[in-house]
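Just below is one structure, and these are the notes that go with it.
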């Protein structure tokens, strides 16, 4: 992940605004986002609820490894085709128009992973000093999980998702 050098850089928005009106997302919404002009990725709101032991509702989203302006095939919008791990975010992506809702379908059991796990770093500065935790923030012993099924524990927004996606697209030579 790219290291931020200043607070100004952290507050800089690089995502492309796709709609001018506020949107209120609901579970099952399929949305597209654009980290760079002309490049579209696809996501879905999988669950709304309390995470990491806090008494507030947040959104669990999937961002799929599907690039293109048109809605991808159902097989591309699969929990087995994630670009980044399931992420817990606030509503700003939709409210500020960076994430455009294009459809809504009920989330079926096969649409979501059986379990969601997150990396909780201990804050020592070492990337090797962490726990794997569940949605409530409880440590999980030896989970069998793929790298693309993990995200950092904590709360993000459209900008933190955008930074991750831009890093992946850079690494792939797309941007």
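In the working numbering, the protein residues as written are -6 to 168.
Glycine included, C-beta positions come from ideal geometry on N, C-alpha and C.
Note that the structure is a prediction, hence the values are computed from the model and not measured.
Residue i - DSSP class collapsed to helix/strand/coil
| i | result |
| --- | --- |
| residue 96 | strand |
| residue 86 | helix |
| residue 172 | Given a span of -6 to 168 for the chain in the structure shown, any question on residue 172 remains unanswerable. |
| residue 149 | strand |
| residue 160 | helix |
| residue 168 | coil |
| residue 46 | coil |
| residue 5 | coil |
When the options are compared against residue i, the one with the closest alpha-carbon
| i | options | result |
| --- | --- | --- |
| residue 47 | 99, 159, 130 | 130 |
| residue 64 | 45, 32, 136, 150 | 32 |
| residue 52 | 85, 167, 126 | 85 |
| residue 161 | 151, 58, 139, 126 | 58 |
| residue 56 | 87, 134, 79, 124 | 79 |
Buried or exposed by the 16-neighbour rule on C-beta atoms within 10 Å, applied to residue i
| i | result |
| --- | --- |
| residue 165 | exposed |
| residue 75 | buried |
| residue 102 | exposed |
| residue 6 | exposed |
Residue range of the unbroken alpha helix (DSSP H) whose run includes residue i
| i | result |
| --- | --- |
| residue 37 | That residue, residue 37, is in no alpha helix (DSSP H); its beta strand (DSSP E) goes 32 to 43. |
Terminal residues of the beta strand (DSSP E) in which residue i lies
| i | result |
| --- | --- |
| residue 91 | No beta strand (DSSP E) contains residue 91, which DSSP labels as neither H nor E. |
| residue 52 | 50 to 60 |
Residue-level contact to chain C via CB, residue i, 8 Å cutoff
| i | result |
| --- | --- |
| residue 67 | Looking for chain C here will not work: only one protein chain is present. |
Task: contact_flag[the region 35 to 51, the region 95 to 115] where n(CB pairs < 8 Å) is 3 or more - done: yes
Open item on the list: When you compare the region 13 to 31 with the region 87 to 97, are there three or more beta-carbon pairs, one atom per stretch, that lie closer than 8 Å?
Closed with: yes
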